[in-house]
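> For what it's worth, my numbering labels the leading residue of the sequence shown as 2, then goes sequentially.
I have a structure I would like to understand better, so I am pasting it below and will then ask my questions one at a time.
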Amino acid sequence: MRVNILQHTPNEGPGSIKSWADEQEADVYVYHPEVFGKLPKVNETDLLIILGGPMSPNDALPWINQERKLIKELLAQHKPIFGACFGAQQIAKALGYKVSDAPAKEVGWAPVYLQDKTIPGLPDKMTALHWHEQMFEVPKEAKLLFASDLVRNQGFILGNNIVGLQFHFEPEEDNLREIAINDSEYPEENNALHQSASEIIAHGVPEENKQIMFNILNYITKNN
2 MRVNILQHTP NEGPGSIKSW ADEQEADVYV YHPEVFGKLP KVNETDLLII
52 LGGPMSPNDA LPWINQERKL IKELLAQHKP IFGACFGAQQ IAKALGYKVS
102 DAPAKEVGWA PVYLQDKTIP GLPDKMTALH WHEQMFEVPK EAKLLFASDL
152 VRNQGFILGN NIVGLQFHFE PEEDNLREIA INDSEYPEEN NALHQSASEI
202 IAHGVPEENK QIMFNILNYI TKNN
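And the structure:
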(Lines of atoms letter the chains of each structure in order from A and count residues from 1; the text may use other names and numbers.)
(Lines give C-alpha, C1' and ligand atoms only; values in the text may rest on other atoms or scores of the structure.)
Protein backbone atom coordinates (compact mmCIF):
# COMPACT_ATOMS: atom_id res chain seq x y z
CA MET A 1 0.00 0.00 0.00
CA ARG A 2 1.26 3.47 -0.91
CA VAL A 3 0.20 6.23 1.48
CA ASN A 4 0.59 9.72 0.01
CA ILE A 5 0.58 12.55 2.55
CA LEU A 6 0.04 16.20 1.64
CA GLN A 7 1.70 18.38 4.29
CA HIS A 8 1.01 22.09 4.08
CA THR A 9 3.06 23.62 6.87
CA PRO A 10 6.25 22.42 8.61
CA ASN A 11 4.70 22.23 12.09
CA GLU A 12 1.70 20.03 11.17
CA GLY A 13 3.03 16.61 10.27
CA PRO A 14 1.34 13.21 10.10
CA GLY A 15 1.96 12.19 13.72
CA SER A 16 0.22 8.92 14.56
CA ILE A 17 -0.88 8.53 10.93
CA LYS A 18 2.75 7.71 10.15
CA SER A 19 2.77 5.21 13.05
CA TRP A 20 -0.33 3.54 11.59
CA ALA A 21 1.24 3.38 8.13
CA ASP A 22 4.40 1.83 9.58
CA GLU A 23 2.30 -0.88 11.25
CA GLN A 24 0.71 -1.60 7.86
CA GLU A 25 4.20 -1.82 6.33
CA ALA A 26 3.02 0.80 3.87
CA ASP A 27 5.25 2.95 1.68
CA VAL A 28 4.86 6.55 2.84
CA TYR A 29 5.49 9.53 0.57
CA VAL A 30 5.19 13.06 1.98
CA TYR A 31 4.48 15.90 -0.47
CA HIS A 32 4.77 19.64 0.23
CA PRO A 33 2.62 21.18 -2.52
CA GLU A 34 2.85 24.75 -1.24
CA VAL A 35 6.65 24.69 -1.35
CA PHE A 36 7.46 22.41 -4.29
CA GLY A 37 4.21 22.42 -6.28
CA LYS A 38 4.17 18.65 -6.65
CA LEU A 39 1.31 16.24 -6.07
CA PRO A 40 1.04 12.46 -6.39
CA LYS A 41 -0.66 10.81 -9.32
CA VAL A 42 -3.96 8.99 -8.92
CA ASN A 43 -2.58 5.67 -10.07
CA GLU A 44 0.16 5.75 -7.44
CA THR A 45 -2.18 6.54 -4.53
CA ASP A 46 -3.76 3.85 -2.36
CA LEU A 47 -4.56 6.23 0.51
CA LEU A 48 -4.43 10.03 0.46
CA ILE A 49 -3.86 11.97 3.68
CA ILE A 50 -4.49 15.73 3.52
CA LEU A 51 -3.12 17.53 6.57
CA GLY A 52 -3.87 20.96 8.03
CA GLY A 53 -2.36 24.36 7.40
CA PRO A 54 -2.84 28.08 7.96
CA MET A 55 -4.24 28.69 4.49
CA SER A 56 -7.89 28.57 3.42
CA PRO A 57 -9.41 26.56 0.56
CA ASN A 58 -10.89 29.90 -0.51
CA ASP A 59 -7.41 31.33 -1.22
CA ALA A 60 -6.74 31.85 -4.94
CA LEU A 61 -3.55 29.80 -5.12
CA PRO A 62 -2.91 27.45 -8.06
CA TRP A 63 -1.68 24.54 -5.93
CA ILE A 64 -4.88 24.61 -3.83
CA ASN A 65 -6.99 24.16 -6.97
CA GLN A 66 -4.64 21.45 -8.26
CA GLU A 67 -4.97 19.63 -4.96
CA ARG A 68 -8.76 19.69 -5.25
CA LYS A 69 -8.51 18.31 -8.78
CA LEU A 70 -6.56 15.35 -7.38
CA ILE A 71 -9.21 14.86 -4.68
CA LYS A 72 -11.97 14.80 -7.31
CA GLU A 73 -10.08 12.19 -9.34
CA LEU A 74 -9.59 10.01 -6.27
CA LEU A 75 -13.26 10.37 -5.32
CA ALA A 76 -14.23 9.16 -8.78
CA GLN A 77 -12.09 6.05 -8.29
CA HIS A 78 -13.39 5.40 -4.76
CA LYS A 79 -9.91 5.71 -3.24
CA PRO A 80 -9.71 6.23 0.55
CA ILE A 81 -9.05 9.80 1.70
CA PHE A 82 -8.57 11.29 5.16
CA GLY A 83 -8.49 15.04 5.71
CA ALA A 84 -7.66 16.99 8.87
CA CYS A 85 -8.66 20.66 9.29
CA PHE A 86 -7.64 22.33 5.98
CA GLY A 87 -7.64 18.83 4.47
CA ALA A 88 -11.26 18.20 5.42
CA GLN A 89 -12.21 21.62 4.09
CA GLN A 90 -10.51 20.78 0.80
CA ILE A 91 -12.56 17.58 0.47
CA ALA A 92 -15.81 19.45 1.13
CA LYS A 93 -14.86 22.18 -1.34
CA ALA A 94 -13.93 19.56 -3.97
CA LEU A 95 -17.44 18.15 -3.57
CA GLY A 96 -18.92 21.59 -4.24
CA TYR A 97 -19.62 22.73 -0.68
CA LYS A 98 -18.71 25.93 1.13
CA VAL A 99 -15.92 26.72 3.55
CA SER A 100 -16.70 29.75 5.70
CA ASP A 101 -15.93 31.38 9.04
CA ALA A 102 -16.99 29.20 11.96
CA PRO A 103 -19.31 30.50 14.69
CA ALA A 104 -16.29 30.54 17.00
CA LYS A 105 -12.53 30.35 16.72
CA GLU A 106 -11.44 27.16 18.50
CA VAL A 107 -7.78 26.78 19.45
CA GLY A 108 -6.89 24.22 22.09
CA TRP A 109 -8.37 21.14 23.69
CA ALA A 110 -12.13 20.63 23.75
CA PRO A 111 -14.55 17.71 23.59
CA VAL A 112 -16.12 16.42 20.42
CA TYR A 113 -19.22 14.25 20.40
CA LEU A 114 -19.85 11.29 18.14
CA GLN A 115 -22.87 11.78 15.86
CA ASP A 116 -22.72 8.58 13.81
CA LYS A 117 -21.69 5.06 14.81
CA THR A 118 -20.61 3.79 11.40
CA ILE A 119 -16.95 3.46 12.42
CA PRO A 120 -16.42 0.83 15.13
CA GLY A 121 -14.57 1.58 18.35
CA LEU A 122 -15.18 5.33 18.65
CA PRO A 123 -16.35 6.56 22.07
CA ASP A 124 -19.30 8.92 22.40
CA LYS A 125 -17.10 11.74 23.72
CA MET A 126 -13.44 12.46 22.93
CA THR A 127 -11.01 15.31 23.61
CA ALA A 128 -9.49 16.68 20.42
CA LEU A 129 -7.03 19.39 19.47
CA HIS A 130 -8.71 22.29 17.68
CA TRP A 131 -6.74 24.83 15.66
CA HIS A 132 -9.16 26.63 13.36
CA GLU A 133 -11.50 29.52 12.75
CA GLN A 134 -13.19 28.28 9.57
CA MET A 135 -15.41 25.27 8.97
CA PHE A 136 -16.72 23.15 6.13
CA GLU A 137 -20.30 22.71 5.05
CA VAL A 138 -21.13 19.03 5.57
CA PRO A 139 -21.73 17.47 2.14
CA LYS A 140 -25.32 16.34 1.64
CA GLU A 141 -24.11 12.95 0.48
CA ALA A 142 -22.10 12.53 3.71
CA LYS A 143 -23.07 12.01 7.35
CA LEU A 144 -22.15 14.28 10.23
CA LEU A 145 -19.57 12.35 12.26
CA PHE A 146 -18.58 14.73 15.08
CA ALA A 147 -19.83 17.96 16.66
CA SER A 148 -18.45 20.22 19.39
CA ASP A 149 -20.11 22.59 21.84
CA LEU A 150 -19.17 25.65 19.77
CA VAL A 151 -19.08 24.38 16.18
CA ARG A 152 -21.45 21.67 14.99
CA ASN A 153 -19.68 20.77 11.73
CA GLN A 154 -16.64 18.98 13.15
CA GLY A 155 -16.44 15.84 11.05
CA PHE A 156 -18.08 13.92 8.24
CA ILE A 157 -17.98 10.45 6.76
CA LEU A 158 -18.74 9.80 3.12
CA GLY A 159 -19.40 6.21 2.08
CA ASN A 160 -16.91 3.76 3.51
CA ASN A 161 -13.73 5.47 2.34
CA ILE A 162 -13.78 9.21 3.12
CA VAL A 163 -13.44 10.96 6.50
CA GLY A 164 -12.87 14.67 7.09
CA LEU A 165 -12.27 16.15 10.54
CA GLN A 166 -12.17 19.85 11.39
CA PHE A 167 -9.91 19.09 14.36
CA HIS A 168 -6.87 16.90 15.03
CA PHE A 169 -6.57 13.36 16.44
CA GLU A 170 -3.21 12.72 14.77
CA PRO A 171 -0.73 14.76 16.90
CA GLU A 172 1.49 12.91 19.32
CA GLU A 173 3.31 14.70 22.15
CA ASP A 174 6.24 15.97 20.09
CA ASN A 175 3.86 17.08 17.32
CA LEU A 176 1.75 18.97 19.85
CA ARG A 177 4.75 20.90 21.07
CA GLU A 178 5.83 21.63 17.49
CA ILE A 179 2.40 22.97 16.54
CA ALA A 180 2.02 25.14 19.64
CA ILE A 181 5.48 26.69 19.91
CA ASN A 182 5.67 27.63 16.25
CA ASP A 183 2.15 29.08 16.10
CA SER A 184 2.00 30.39 19.66
CA GLU A 185 0.40 33.74 18.71
CA TYR A 186 -2.63 32.11 17.10
CA PRO A 187 -4.37 31.06 20.36
CA GLU A 188 -3.95 34.52 21.88
CA GLU A 189 -6.58 36.47 19.91
CA ASN A 190 -10.36 35.88 19.90
CA ASN A 191 -9.95 32.27 21.00
CA ALA A 192 -13.27 30.96 22.32
CA LEU A 193 -11.45 28.17 24.21
CA HIS A 194 -9.28 30.70 26.12
CA GLN A 195 -6.16 28.51 26.14
CA SER A 196 -2.60 29.72 25.67
CA ALA A 197 0.07 27.78 23.78
CA SER A 198 1.72 26.78 27.06
CA GLU A 199 -1.60 25.55 28.48
CA ILE A 200 -2.26 23.56 25.30
CA ILE A 201 1.14 21.86 25.62
CA ALA A 202 0.67 21.21 29.35
CA HIS A 203 -2.66 19.47 28.68
CA GLY A 204 -0.92 16.71 26.73
CA VAL A 205 -2.38 14.30 24.20
CA PRO A 206 -5.07 11.92 25.48
CA GLU A 207 -3.84 8.33 25.27
CA GLU A 208 -6.93 7.20 23.39
CA ASN A 209 -6.43 9.59 20.46
CA LYS A 210 -3.86 7.41 18.75
CA GLN A 211 -6.18 4.38 18.77
CA ILE A 212 -9.07 6.54 17.57
CA MET A 213 -6.93 7.68 14.64
CA PHE A 214 -6.01 4.05 13.91
CA ASN A 215 -9.69 3.01 14.00
CA ILE A 216 -10.62 5.68 11.45
CA LEU A 217 -7.80 4.73 9.08
CA ASN A 218 -8.56 1.02 9.45
CA TYR A 219 -12.16 1.65 8.52
CA ILE A 220 -11.60 3.72 5.39
CA THR A 221 -8.97 1.34 4.04
CA LYS A 222 -10.49 -2.06 4.89
CA ASN A 223 -12.71 -2.25 1.79
CA ASN A 224 -10.26 -0.65 -0.59
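Every residue, glycine too, gets a C-beta built ideally from N, C-alpha and C.
Who does Q135 pair with in a DSSP beta bridge?
The residue you call residue 135 lines up with position 134 of the sequence shown. In the DSSP output, where bridge partners are listed per residue, Q135 has D102.
> Does the structure place the stretch 128 to 141 close enough to the stretch 169 to 177 that three or more beta carbon pairs sit under 8 angstroms?
Segments in contact, yes.
> Could you round the C-beta distance between V164 and I213 to whole angstroms and report it? I think they count as a contact, below 8 angstroms.
As a working mapping, residue 164 is identified with position 163 in the sequence shown. As a working mapping, residue 213 is identified with position 212 in the sequence shown. The pair is not a contact, with the Cβ atoms about 11 angstroms apart (cut-off 8 angstroms).
> At the level of alpha carbons, what is the spacing between E107 and E179?
Position 106 of the sequence shown, counted from the first residue, corresponds to residue 107. Position 178 of the sequence shown, counted from the first residue, corresponds to residue 179. Spanning the two alpha carbons is a distance of roughly 18 angstroms.
> Quick one: measure Cβ to Cβ for P81 and L48, integer angstroms, because I've assumed they're closer than 8 angstroms.
If you number the sequence shown from 1, residue 81 lands on position 80. If you number the sequence shown from 1, residue 48 lands on position 47. Right, the Cβ-Cβ distance comes to about 5 angstroms (below 8 angstroms), so this counts as a contact.
> Where does V113 land, buried or exposed, given buried means 16+ other C-beta within 10 angstroms?
Within the sequence shown, numbered from 1, the residue matching residue 113 stands at position 112. With 16 or more other Cβ atoms within 10 Å, it is buried.
> Does the separation of the CB atoms of P58 and Q8 fall below 9 angstroms?
Taking the first residue of the sequence shown as position 1, residue 58 is located at position 57. Taking the first residue of the sequence shown as position 1, residue 8 is located at position 7. Cβ atoms of P58 and Q8: not closer than 9 angstroms.
> Can we say the stretch 17 to 30 touches the stretch 61 to 75, given the rule of at least three CB pairs closer than 8 angstroms?
Verdict: no, contact absent.
> Would you mind listing the beta strand (DSSP E) stretches within the stretch 128 to 210 that are 3+ residues and don't spill past its ends, in chain order?
Those beta strand (DSSP E) runs which fall completely within the stretch 128 to 210 and span 3+ residues are 144 to 149, 156 to 159, 163 to 166.
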